[in-house]
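Converting from the sequence shown to our numbering requires adding 526 to each position, the first position being numbered 1.
Glycine included, every Cβ here is placed at the ideal spot set by N, Cα and C.
Read through the structure below, which is laid out as structure tokens, and then see the notes.
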Amino acid sequence: MPSRRTPQAELRPAPATSPEAESATADGRRLSEVAYQAILEGLFNRKVPTGAFLSQSDLVRMLGVPVQPLRDALRILEAEGVLTIHPRAGIEFLKPDLELARSTYQFRSIIERAAARTYAENGDAAAISSLIQDHQSLIEQIGAQGLLPDHLAPLQSLEDRLHGEMVASLRNPLIETTARRLKNYLILIKLDRRITAPLALRTLREHMEILEACKKRDADLAEAALGRHFQAALQRILGMV
Numbered sequence: 527m528p529s530r531r532t533p534q535a536e537l538r539p540a541p542a543t544s545p546e547a548e549s550a551t552a553d554g555r556r557l558s559e560v561a562y563q564a565i566l567e568g569l570f571n572r573k574v575p576t577g578a579f580l581s582q583s584d585l586v587r588m589l590g591v592p593v594q595p596l597r598d599a600l601r602i603l604e605a606e607g608v609l610t611i612h613p614r615a616g617i618e619f620l621k622p623d624l625e626l627a628r629s630t631y632q633f634r635s636i637i638e639r640a641a642a643r644t645y646a647e648n649g650d651a652a653a654i655s656s657l658i659q660d661h662q663s664l665i666e667q668i669g670a671q672g673l674l675p676d677h678l679a680p681l682q683s684l685e686d687r688l689h690g691e692m693v694a695s696l697r698n699p700l701i702e703t704t705a706r707r708l709k710n711y712l713i714l715i716k717l718d719r720r721i722t723a724p725l726a727l728r729t730l731r732e733h734m735e736i737l738e739a740c741k742k743r744d745a746d747l748a749e750a751a752l753g754r755h756f757q758a759a760l761q762r763i764l765g766m767v
């Protein structure tokens, strides 16, 4: 990861210490967790602009969360690299750049090359077959109809399922926590990236190469396909292809 502080909202915050932050909502979540999710969702939906410099009062007004849970959430997000707290000055949010993209994919590659090997060797055969079928179905739909708004959610779901199942196959909670944090970085990196039918099809076909290798139980081939996928994905983000 970059040496400077750098970063869906799946990562749950550590327990807060303040009574207000420990108070639970109707669905049982701590207020600090609600504030954590609200900040990330604000970034992901552009309500909170990346690179913005805001005060706590600005965030309370924008997100509608109490001050103390907000403070607890901000400390967690600072530790995760999503923002920097400047005492008596304000909160500076991360602005994704090429350095962050390169560092994120480098870190993902370190984790997921091992994950691809393990998934090829030990992954559930039925889960692999299901992913292959769902990928093929979406490839056929996009190929026939072009990329429609209704395809975006299934496209993201397949991305999450493939990489999530590979990482889960390592059975390492520390790696899973890190992978969820990296996912937050990826969402920020891709906020302004336009998805087209050719790009979507290229991604899905790269996934298919990984999955076909896993189906064959060929760990070397799965790792190589994962490496090619990440290299191509980074090049797409950098605008090289």
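Nearest CA to the CA of ALA750: which residue from GLU735, ALA627, GLN761? GLU735
Which same chain residues, not among the five before or five after GLU546, have their C-beta less than 7 angstroms away from its C-beta? Because GLU546 sits at a pLDDT of 48, beneath the cut-off of 50, its placement in the model cannot be relied upon, and the point is left open.
Are any of the Cβ atoms in chain D nearer than 7 angstroms to that of VAL586? This model lacks chain D altogether, as it is built from one protein chain only.
From the DSSP output, read off the bridge partner residues of THR486. Here the chain comprises residues numbered 527 to 767, so residue 486 is not present and cannot be evaluated.
Distance between ILE636 and PRO699 (C-alpha atoms, nearest Å): 16 angstroms
Taking DSSP as the reference, what is the three-state secondary structure of GLU666? helix
Following the continuous beta strand (DSSP E) through LEU609, name the residue where it begins and the one where it ends. 609-612
On a Cα-Cα basis, can you pick out the residue from ARG706, ILE715, ARG762 that is closest to LEU727? ARG762
What does the alpha-carbon distance come out to for the pair LEU688 and SER656? Computed Cα separation, rounded: 11 angstroms.
Enclosing beta strand (DSSP E) for GLU618 [first to last residue]: Its beta strand (DSSP E) spans residues 616-619.
Cβ pair GLU638, LEU752 closer than 7 angstroms: yes
Taking 7 angstroms as the threshold (C-beta atoms), are THR576 and PHE619 in contact? yes
How big is the Cα-Cα spacing for HIS677 and GLY669? 11 angstroms
By DSSP, does ARG556 sit in helix, in strand, or in coil? In the displayed model, ARG556 falls within a strand according to three-state DSSP.
Tell me, which residues are paired with PHE633 by DSSP? In the DSSP output, where bridge partners are listed per residue, PHE633 has none listed.
Cutting at 7 angstroms between CB atoms, please list the residues of its own chain near GLU647, excluding the five before and the five after it. ARG743, ALA745
Buried or exposed for ALA652, going by 16 or more other Cβ atoms inside 10 Å? exposed
Report the CB separation of LEU696 from ALA641 in whole angstroms; it is logged as a contact under 8 angstroms. 5 angstroms
Beta-ladder partner(s) of PHE768, from DSSP: Shown here, the chain extends from 527 to 767; a query on residue 768 therefore has no answer.
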